[in-house]
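Student: Okay, here's the structure, questions in a sec.
There are 2 protein chains.
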Amino acid sequence: MSKELESLNEEELLEAWPLLSTEERSEGIRLLDRQQQEDLFLALGGRDQHAFLASLPQTERRSWVRMLPPDDAADLVQEAPPEERQRLLALLDPPARLEVQGLLAYAEDEAGGLMSPRFARVRPDLTVDQAITWLRKQAREKLETIYYVYVIDAEQHLCGVVSFRELFQAPPDKRVRDVMQVDVVTARDDLDQERLSRLFRDWGLLAIPVVDEAGRMKGIVTVDDIVDVVEEEATEDIQKIGGSEALDEPYLTISLPRMLKKRGGWLAVLFLGEMLTATAMAAYEDEIARAVVLALFVPLIISSGGNSGSQASTLVIRAMAVGEVKVRDWWRVVRREFSSGLALGLLLGAIGIVRVLAGEALFHTYGEAAVGVALTVGFSLVGVVLFGTLSGSMLPLLLRRLGLDPASASAPFVATLVDVTGLLIYFSAASLLLRGTLL
Amino acid sequence: MSKELESLNEEELLEAWPLLSTEERSEGIRLLDRQQQEDLFLALGGRDQHAFLASLPQTERRSWVRMLPPDDAADLVQEAPPEERQRLLALLDPPARLEVQGLLAYAEDEAGGLMSPRFARVRPDLTVDQAITWLRKQAREKLETIYYVYVIDAEQHLCGVVSFRELFQAPPDKRVRDVMQVDVVTARDDLDQERLSRLFRDWGLLAIPVVDEAGRMKGIVTVDDIVDVVEEEATEDIQKIGGSEALDEPYLTISLPRMLKKRGGWLAVLFLGEMLTATAMAAYEDEIARAVVLALFVPLIISSGGNSGSQASTLVIRAMAVGEVKVRDWWRVVRREFSSGLALGLLLGAIGIVRVLAGEALFHTYGEAAVGVALTVGFSLVGVVLFGTLSGSMLPLLLRRLGLDPASASAPFVATLVDVTGLLIYFSAASLLLRGTLL
Numbered sequence: 326m327s328k329e330l331e332s333l334n335e336e337e338l339l340e341a342w343p344l345l346s347t348e349e350r351s352e353g354i355r356l357l358d359r360q361q362q363e364d365l366f367l368a369l370g371g372r373d374q375h376a377f378l379a380s381l382p383q384t385e386r387r388s389w390v391r392m393l394p395p396d397d398a399a400d401l402v403q404e405a406p407p408e409e410r411q412r413l414l415a416l417l418d419p420p421a422r423l424e425v426q427g428l429l430a431y432a433e434d435e436a437g438g439l440m441s442p443r444f445a446r447v448r449p450d451l452t453v454d455q456a457i458t459w460l461r462k463q464a465r466e467k468l469e470t471i472y473y474v475y476v477i478d479a480e481q482h483l484c485g486v487v488s489f490r491e492l493f494q495a496p497p498d499k500r501v502r503d504v505m506q507v508d509v510v511t512a513r514d515d516l517d518q519e520r521l522s523r524l525f526r527d528w529g530l531l532a533i534p535v536v537d538e539a540g541r542m543k544g545i546v547t548v549d550d551i552v553d554v555v556e557e558e559a560t561e562d563i564q565k566i567g568g569s570e571a572l573d574e575p576y577l578t579i580s581l582p583r584m585l586k587k588r589g590g591w592l593a594v595l596f597l598g599e600m601l602t603a604t605a606m607a608a609y610e611d612e613i614a615r616a617v618v619l620a621l622f623v624p625l626i627i628s629s630g631g632n633s634g635s636q637a638s639t640l641v642i643r644a645m646a647v648g649e650v651k652v653r654d655w656w657r658v659v660r661r662e663f664s665s666g667l668a669l670g671l672l673l674g675a676i677g678i679v680r681v682l683a684g685e686a687l688f689h690t691y692g693e694a695a696v697g698v699a700l701t702v703g704f705s706l707v708g709v710v711l712f713g714t715l716s717g718s719m720l721p722l723l724l725r726r727l728g729l730d731p732a733s734a735s736a737p738f739v740a741t742l743v744d745v746t747g748l749l750i751y752f753s754a755a756s757l758l759l760r761g762t763l764l
Numbered sequence: 326m327s328k329e330l331e332s333l334n335e336e337e338l339l340e341a342w343p344l345l346s347t348e349e350r351s352e353g354i355r356l357l358d359r360q361q362q363e364d365l366f367l368a369l370g371g372r373d374q375h376a377f378l379a380s381l382p383q384t385e386r387r388s389w390v391r392m393l394p395p396d397d398a399a400d401l402v403q404e405a406p407p408e409e410r411q412r413l414l415a416l417l418d419p420p421a422r423l424e425v426q427g428l429l430a431y432a433e434d435e436a437g438g439l440m441s442p443r444f445a446r447v448r449p450d451l452t453v454d455q456a457i458t459w460l461r462k463q464a465r466e467k468l469e470t471i472y473y474v475y476v477i478d479a480e481q482h483l484c485g486v487v488s489f490r491e492l493f494q495a496p497p498d499k500r501v502r503d504v505m506q507v508d509v510v511t512a513r514d515d516l517d518q519e520r521l522s523r524l525f526r527d528w529g530l531l532a533i534p535v536v537d538e539a540g541r542m543k544g545i546v547t548v549d550d551i552v553d554v555v556e557e558e559a560t561e562d563i564q565k566i567g568g569s570e571a572l573d574e575p576y577l578t579i580s581l582p583r584m585l586k587k588r589g590g591w592l593a594v595l596f597l598g599e600m601l602t603a604t605a606m607a608a609y610e611d612e613i614a615r616a617v618v619l620a621l622f623v624p625l626i627i628s629s630g631g632n633s634g635s636q637a638s639t640l641v642i643r644a645m646a647v648g649e650v651k652v653r654d655w656w657r658v659v660r661r662e663f664s665s666g667l668a669l670g671l672l673l674g675a676i677g678i679v680r681v682l683a684g685e686a687l688f689h690t691y692g693e694a695a696v697g698v699a700l701t702v703g704f705s706l707v708g709v710v711l712f713g714t715l716s717g718s719m720l721p722l723l724l725r726r727l728g729l730d731p732a733s734a735s736a737p738f739v740a741t742l743v744d745v746t747g748l749l750i751y752f753s754a755a756s757l758l759l760r761g762t763l764l
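Just so you know, the protein sequences line up as chains F and R, in that order.
Here this note's numbering is used: position 176 in the first sequence is 501, and no number is missing along the way.
Here this note's numbering is used: position 4 in the second sequence is 329, and no number is missing along the way.
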């Protein structure tokens, strides 16, 4: 392995990172020069940075930790076990430690937990030329970005913003207050990261200032951190839609017991729900005994309900996540899904009827009752698909209404919900349509 | 409605945008002042910008189109029907038209289609002070960002990059070539947007320069455009995982026929596949006739396979999408999923056995054969869950290996695949374990 690693530069090593063992990572890093090591370290996430630090002797850790901007340092500290955090904080120089401690007070998934306190700031009464000179001084400290310059009064209130480009274009002797924009998109420090990412997307901004409830500016969130947020939120939604809890760790490195816990819980709950199908089937045991042919179509009927329900629920979950659909739109969703469900049900019902009649014509499988069986299958499919579509689309809205995560309306959850109803629809249709012939 | 709209500022109007009718949008915009109108227009996507333009008289369109940076103008032109594009291009001033035409040559989903040709550039032999003065002039044109300044030689080759902050910190009389970084992360103009977004994520960059095959710099992609890409790609994956094609349009505004086409296709294909369950069930018609009790557990067994398969496939699809799992890791995935599938199968099998035995103890549902039925259900569940987990996890890898999209291994697809096998496992177990008692 060492030979393979030797030929990797820091970009390739970063790409291979999730797949390497701890030893391979340490060795891979040792083979880089210091500049490459630093680039790699800065590009890693907090969890990997912490693992890398842990592999170093205590005496070498300080210079690595001090390389990090305060928001990244806070992420790293959060990844460490509680007893180790003080020791990590002690590695920072006192002003940086204060900054990091301030950030640690926020939850990881709110604006305050994502922001950096190092932003470019000027007073409103400076001239443009003075502001540029002053920024040149500030740039010596490590600022997160100087693309936007924030105009702050003596009480730390945010008065306006001016982009670097605008400052450069402006006449040098004008006052900052006369060139700044006062209509600033801001985020409260406790704003949830999902809504924060929507602000970025809606406005196409590179950075958003974070203010506390008194309107005092606390820091900025930059859009590069939002890419991670969007990706993370999508991962959580996708894992929930697939019917497990969000893993919160990479698939290949999460420990087996933790993975089983995330998957087994939902699987067991769904299994208990699905047991109702056995009860429902038992209620029709006599009908099945009299007409075994009925049992043959049970998997086809219930899976059609599950499939159409999964489609509808994932479409609505995603539309809600990107802000296209809100709970108050439920009636528009019902109308759309009623038409869709009916059309899709008629499509599958027609195919189903053709299938049964073709089976009869070719192999005489169903005897005299063939037409009755065909109609039973066809009508049930319309009902099951319509029901699946409607309940699949309403479930995410209902969950949100109850304050729960719409993404929990997973494909397996919807399928389970629809299975029992599907059986009731199917056997009721059979009772009606096959009375006097098979039943 | 007009009254409600009157009270909206441009931020609220933007948020409500997807839900408004065309008339409401036009009216909403008319009620804003010009500055707010412009902010709103710039924040809209290409499709909505085009719809807004279309609602204006021909004579008013020019000033709106000219407000757009070239990459956004190209998006807007791409949203217009082909016959209208020339007329839109004619609204631009000649240099901008050339830029936009250059961008239109690229596919929308590759680096060239996302880039802006307006980046800050300097020659390597300028001094830092000359460079800053020169940038100040460039800033008067509309640059996408001046956060990174690209160092370009006379043949347009990218020699290095220097951030504005570094330029500000550097001694004014040093040469640009001595302060620039030469180790630049670049993207080829034909790089796929999904891989491009991974570059941004891996390196935490604000912008990446785009070069052609000869290494000449063509433009930059900024991270704010990548937020949209990441969101768009996740939406496509989620919709495919739910078992439909990607809608490519907002859920509430896509026309019903187009939505039915995206959903009906997969639903019909899955339905045809699911018909095999009726064939498989028919093969065991005699066994069902002799022991109707067997039919009762069919939905429970097959849905457990489907649920565990959906879990496994969505976890692997997502891990592949974020670059954690590659095709060559298939054996590691098999090992993980074998252990997981076995453990989860044992869990559900144990619950299943308890369920049957409890049913017998309480209601004497299954008579003498209760133990046999319990074992049949238990063993089948282990087999079905293990098979579901393994095939669900391998299917996305197989699809990628075949050059197809792993996300097509949707929850309903996996469920359908597992249903037929689940029936075979269940009835085979029954034949073995119930021979001599029920069968």
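All residues carry an ideal CB built from backbone N, CA and C; glycine is no exception.
1) Which runs of the alpha helix (DSSP H) spanning at least 4 residues fall entirely within the segment 626-690 of chain R, listed in chain order?
2) Considering only C-alpha positions, which residue in the set Ala646(R), Ala603(R), Arg526(R), Ala532(R) is nearest to tyrosine 576(F)?
3) Determine the DSSP secondary structure at methionine 326(F), reduced to helix, strand or coil.
4) Quick check on alanine 686(R): buried or exposed, where buried means 16 or more other Cβ atoms within 10 Å of its Cβ?
5) For a cutoff of 8 Å on Cβ pairs, would you count glycine 589(F) as touching chain R?
6) Leucine 625(F) and glycine 674(F): beta carbons closer than 8 Å?
7) The alpha helix (DSSP H) with serine 338(F) in it runs from where to where?
8) Below 8 Å between beta carbons is the criterion; list the residues of the segment 483-496 of chain F that meet it against any residue of chain R, in chain order.
9) Suppose the cutoff is 8 Å on Cβ atoms and the five residues either side in sequence are ignored; what does the same chain contact list for arginine 725(F) look like?
10) Does any CB atom of chain F fall closer than 8 Å to the CB of proline 731(R)?
11) Let me check one thing: in DSSP terms, what residues is leucine 429(R) bridge-paired to?
12) Just checking my contact of leucine 530(F) with aspartate 400(R) at CB under 8 Å: how many whole Å lie between their CB atoms?
13) Relative to the C-alpha of proline 343(R), which residue among Thr578(R), Glu433(R), Ala532(R), Leu516(R) is closest?
14) Measure the alpha-carbon distance for threonine 690(F) versus isoleucine 676(R) and round it to whole angstroms.
15) Select from Gly370(R), Glu348(R), Leu700(R) the residue whose C-alpha is nearest the C-alpha of aspartate 527(F).
16) Taking a Cβ distance cut-off of 7 Å, strictly less, list which residues of the segment 608-626 of chain F are near chain R, in chain order.
17) What is the DSSP secondary structure of leucine 435(F), counted as helix, strand or coil?
18) Which of the residues in the segment 572-589 of chain F, read from start to end, lie with their CB under 8 Å from any CB of chain R?
19) For my contact list, glycine 567(F) and glutamine 636(R) are in at a C-beta cut-off of 8 Å; report their separation, rounded to the angstrom.
20) Where does methionine 392(F) fall in DSSP's three states?
21) Should threonine 511(R) be flagged as near chain F, meaning a C-beta pair shorter than 8 Å?
22) Write down the C-beta distance between glycine 631(R) and serine 716(R) rounded to the nearest angstrom, noting that I regard them as a contact closer than 8 Å.
23) Since phenylalanine 712(F) meets chain R, which of its residues come closer than 7 Å, beta carbon to beta carbon?
24) State the CB to CB distance for the pair leucine 492(F) and valine 510(F), rounded to an integer number of angstroms; the pair is presumed to be in contact (CB under 8 Å).
25) Between Leu748(R), Pro721(R), Asp517(R), which has its C-alpha nearest phenylalanine 738(R)'s C-alpha?
26) Tryptophan 528(R) versus chain F: which residues are under 7 Å apart at the beta carbon?
27) Whole angstroms is fine: what's the gap from alanine 683(F)'s alpha carbon to alanine 695(F)'s?
28) From the DSSP output, in three-state form, read off glycine 485(F) for me.
29) How is the beta strand (DSSP E) around glycine 544(R) delimited, first residue to last?
30) Isoleucine 354(F) lies in the alpha helix (DSSP H); which residues open and close that run?
31) Under DSSP, the beta strand (DSSP E) around alanine 732(R) begins and ends at which residues?
32) Which residues in chain R sit within 8 Å of glutamine 374(F), going by Cβ to Cβ distance?
33) If distances are taken between C-alpha atoms only, which option among Glu556(R), Thr714(R), Ile477(R), Arg657(R) comes closest to glycine 540(R)?
34) Just the C-alpha distance for threonine 547(F) and proline 419(R), rounded to the nearest angstrom, thanks.
35) Take the Cβ of glutamate 480(R) as the centre, count every other Cβ of all protein chains shown within 10 Å, and call the residue buried at 16 or more, exposed below.
36) Determine the burial state of histidine 375(R): buried for a count of at least 16 other Cβ atoms within 10 Å of its Cβ, exposed for fewer.
Tutor: Answer, in terms of the structure:
1) 655-688
2) Ala646(R)
3) Summary for methionine 326(F): the model assigns pLDDT 42, below 50, so the residue's position carries little reliability; its value from the coordinates is reported in the next sentence. Three-state result, methionine 326(F): coil.
4) exposed
5) yes
6) no
7) Note on identity: in this sequence residue 338(F) is leucine, with serine being the wrong assignment. Start and end: 335-341.
8) Phe489, Arg490, Phe493, Gln494
9) Met645, Val652, Pro731
10) no
11) The partner list for leucine 429(R) (beta bridge, DSSP) is empty, contrary to what the question assumes.
12) The pair is not a contact, with the Cβ atoms about 18 Å apart (cut-off 8 Å).
13) Thr578(R)
14) 37 Å
15) Gly370(R)
16) Glu610, Ile613, Ala614, Val617, Ala620, Leu621, Phe622, Val623, Pro624, Leu625
17) Checking the sequence, you will find glutamate at residue 435(F) rather than leucine. Three-state result, glutamate 435(F): strand.
18) Leu572, Pro575, Tyr576, Leu577, Leu581, Met584, Leu585, Arg588, Gly589
19) 5 Å
20) coil
21) no
22) Actually they are not in contact, since the Cβ atoms of glycine 631(R) and serine 716(R) sit about 11 Å apart, beyond 8 Å.
23) Residues of chain R passing the Cβ test: none, with the nearest at roughly 15 Å.
24) Leucine 492(F) to valine 510(F), Cβ: 19 Å. No contact.
25) Pro721(R)
26) Ala368
27) 10 Å
28) strand
29) 542-547
30) 347-355
31) Unbroken run through alanine 732(R): none, as it is neither H nor E.
32) None at all; the shortest Cβ gap to chain R is about 12 Å.
33) Ile477(R)
34) 35 Å
35) exposed
36) buried
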